[in-house]
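This report refers to the structure that appears directly beneath it.
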Amino acid sequence: MRYIGNKENIVEKIHSILAANNICGKRLFDLFAGTTGVGRYFKQLGYQVDSSDIMYMSYCLQKAYIENNQTPKFDKILPIIHNNGQIQSLFYTPLELVLSYLDSVAPIKGFIYNNYTPDGTLHLEVPRLYFTGDNGAKIDAIRIKIEEWKSAELINESEYYILLACLLESVSLYANVAGVYAAFYKKWDPRAIKPLKLRPILLTNNNQKNRVFNADSLSILYEIDTDILYLDPPYNERQYLPNYHVLETIAKYDNPQIKGVTGMRPYDKEKSVFCNAKSALQALKKVAECSKYKYLVLSYNSEGIMKQEDIISLLSNYGDVVLEQFEYNRFKSNNNGLSRTKKKVFEQLYILKR
Ligand SMILES: C[S@@+](CC[C@H](N)C(=O)[O-])C[C@H]1O[C@@H](n2cnc3c(N)ncnc32)[C@H](O)[C@@H]1O
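If you want it as structure tokens, here you go:
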């Protein structure tokens, strides 16, 4: 998934830097999980992984990829789908069969259609072009069906979150945006006019009890008792929720009171103290002081709002600190003028051995 600060492409590099510094263990806590790319990587290495994020859309991904160790069987819903004669195949996994059924449900003009497609927002001065009318109504129909199945106990909790994760991952491939949802294109990107098709997600099993949370990091420090505490907070003033508000609404499907040109949901509870230089440093201090870990690893950015000398000086109060850095292509979004002109920044790893 395209996500600001997504570490999927560099997590292997991060791991090799940690290995070169003799940072290893059996447990990792990913406190700012986002897309779960880091947790997933360490999970497949056999680590016991805990993770958390303030965004509910991330929690859905964490429930599916990190907490879940099962291959979903969908043993209650599959016979019902089969009886309806909607799908026939011996060659697909249960997840693929369920997705193929969901792909065929009749469209519904629900919250997404009515607020994020031009067909549903024609009455607005600027109709919203996040999804085509067909894709918007399909997203509504799929989201409603998943909820109906959960309420009728036709799918279990992990199956529920796996389906939501498939929906979120798939939707982001058809959204008419330049990576973030703080704005939509005024014309259709060719990607967005294709009919939406659900894609299965890949799951791993580490045979361990992995825990996931949907919380402000500062509120769950007492839950942290790990070998590697991995921190990947925001490194600038841009809050995450406005950039992913549509995905958050699809995940929660809670009919929020939206406003403005982009149909923004309220986000007072998802505002992060890490998006302000002063409060970020105070928060980092609290995390370093109040959590139990052998190693604290902070992923940051050479252009981040906390200053390098302040971070080193703060972390040095708790043990030995090493700073490793490497050049990296930043996330490209047309939303940020800087991104287009200046593409190279340093990805930094502050490694604290307690
Ligand atoms: C740089 S991104 C993490 C990216 C992630 N490592 C990945 O690979 O996708 C920062 C994440 O921190 C989350 N976040 C920001 N402030 C938070 C807070 N106070 N508590 C918990 N999560 C927070 C955001 O929602 C966002 O998902």
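According to our numbering, the sequence shown holds residues 537 to 890 in order. For each residue, glycine too, the CB sits at the ideal point set by N, CA and C.
Which residue comes first and which comes last in the beta strand (DSSP E) that contains tyrosine 696?
No beta strand (DSSP E) contains tyrosine 696, which is instead part of the alpha helix (DSSP H) from 693-707.
Whole-angstrom distance between asparagine 557 and leucine 885, CA atom to CA atom:
Computed Cα separation, rounded: 11 Å.
Measure the alpha-carbon distance for serine 552 versus aspartate 790 and round it to whole angstroms.
Taking the straight line from one Cα to the other gives about 42 Å.
For the beta strand (DSSP E) containing aspartate 676, list its first residue and its last residue.
First-last for aspartate 676: 669-687, but that is the alpha helix (DSSP H), not the beta strand (DSSP E).
Lysine 889 lies in the beta strand (DSSP E); which residues open and close that run?
Looking at the DSSP string, the run of the beta strand (DSSP E) that includes lysine 889 is 880-889.
Buried or exposed: which applies to arginine 664, given that a residue is buried once 16 or more other Cβ atoms fall within 10 Å of its Cβ?
Its Cβ being crowded by 16 or more others within 10 Å, arginine 664 is buried.
Any idea if lysine 843 is buried or exposed, counting beta-carbon neighbours within 10 angstroms, 16 or more meaning buried?
Its Cβ having fewer than 16 others within 10 Å, lysine 843 is exposed.
In this structure, does DSSP put threonine 571 in helix, strand or coil?
Under the three-state reduction of DSSP, threonine 571 is assigned to coil, being neither helix nor strand.
Distance, Cα to Cα, alanine 816 vs isoleucine 841?
Roughly 8 Å separates the two Cα atoms.
Buried or exposed: which applies to lysine 814, given that a residue is buried once 16 or more other Cβ atoms fall within 10 Å of its Cβ?
Under this definition lysine 814 is an exposed residue.
From the DSSP output, in three-state form, read off glutamine 606 for me.
In the three-state scheme derived from DSSP, where H, G and I count as helix and E and B as strand, glutamine 606 is classed as coil.
Looking only at DSSP bridge pairs, what is valine 858 linked to?
Residue pairing by DSSP puts valine 858 in a beta bridge opposite Ile887.
Using the rule of at least 16 other Cβ atoms within 10 Å of the residue's Cβ for burial, across every protein chain shown, is tryptophan 724 buried or exposed?
Tryptophan 724 comes out exposed.
Provide the residue span of the alpha helix (DSSP H) that contains valine 823, from first to last.
Segment 813-826, the alpha helix (DSSP H) holding valine 823.
Lysine 586 Cβ short of 7 Å to ligand 1 heavy atom set
The displayed chain sequence assigns aspartate, not lysine, to residue 586. Aspartate 586 Cβ: outside cutoff for every heavy atom of ligand 1.
Assign leucine 660 to buried or exposed, taking buried as 16 or more other Cβ atoms, counted over all protein chains shown, within 10 Å of its Cβ.
Leucine 660 comes out exposed.
Kindly indicate which three-state DSSP category asparagine 750 falls into: helix, strand or coil?
In the structure shown, asparagine 750 sits in a strand (DSSP, three-state: E or B).
Pair every Cβ in the segment 691-701 with every Cβ in the segment 597-610, then say whether three or more of these pairs are closer than 8 Å.
With the cut-off at 8 Å, the segment 691-701 and the segment 597-610 touch.
Which same chain residues, not among the five before or five after asparagine 779, have their C-beta less than 7 Å away from its C-beta?
Here the set comprises Ile540, Val716, Tyr717, Ala718.
Who pairs with leucine 614 in a beta bridge, going by DSSP?
Per the DSSP secondary-structure output, leucine 614 pairs with nothing in a beta bridge.
Using DSSP with H/G/I as helix, E/B as strand and the rest coil, what is asparagine 743?
DSSP, read as helix, strand or coil, puts asparagine 743 in coil.
Run through the DSSP bridge pairs and tell me what glutamine 584 is partnered with.
According to DSSP, glutamine 584 bridges with Arg563.
If you measure from the CB of aspartate 655, is any heavy atom of ligand 1 nearer than 7 Å?
Checking every heavy atom of ligand 1 against the Cβ of aspartate 655, none is found closer than 7 Å.
Close-in-space but distant-in-sequence residues of the same chain around lysine 549 (CB under 6 Å, 5 per side omitted):
Shown here for lysine 549: not one same chain residue has a beta carbon closer than 6 Å to its own, the five before and five after excluded.
Pair every Cβ in the segment 720-734 with every Cβ in the segment 761-773, then say whether three or more of these pairs are closer than 8 Å.
Counting Cβ pairs under 8 Å, fewer than three are found: no touch.
Which listed residue (Gly799, Thr572, Thr762, Asp639) has its alpha carbon closest to that of lysine 543
Shortest Cα-Cα distance from lysine 543 to any of Gly799, Thr572, Thr762, Asp639 involves Thr572.
Pairing CB atoms from the segment 563-579 with CB atoms from the segment 665-675, are three or more of them under 8 Å?
No: the two stretches stay apart, fewer than three of their Cβ pairs being nearer than 8 Å.
Buried or exposed for glutamate 845, please, with buried defined as at least 16 other CB atoms from any protein chain shown within 10 angstroms of its CB.
Around the beta carbon of glutamate 845, a 10 Å sphere encloses fewer than 16 other beta carbons of the protein chains shown; the residue is thus reported as exposed.
Taking DSSP's pairing of strands, which residues face isoleucine 644 in a bridge?
DSSP output for isoleucine 644 lists no bridge partner at all.
Methionine 591, DSSP secondary structure in three states:
DSSP places methionine 591 outside both helix and strand once states are collapsed to three, so it counts as coil.
Report, in whole angstroms, the separation of the C-beta atoms of leucine 658 and leucine 633, which I expect to be a contact under 8 Å.
Contact doesn't hold; Cβ gap of about 37 Å is too wide.
Those residues which DSSP pairs with isoleucine 943 across a bridge:
Because the chain here runs from 537 to 890, residue 943 falls outside it and cannot be looked at.
So, with DSSP's three-state summary, where would you put tyrosine 479?
Past the boundaries of the shown model lies residue 479; the chain is included only from 537 to 890, so the question cannot be answered.
Would you check if the distance between the CB atom of tyrosine 854 and the CB atom of isoleucine 764 is smaller than 8 Å?
Annotated as distal: tyrosine 854 and isoleucine 764, with beta-carbon spacing of 8 Å or more.
How many angstroms separate the CA atom of phenylalanine 627 from the CA atom of proline 736?
Going by the C-alpha atoms only, they are around 15 Å apart.
Within 7 Å: the Cβ of glutamate 544 and any heavy atom of ligand 1?
For glutamate 544, the CB falls within less than 7 Å of some heavy atom of ligand 1.
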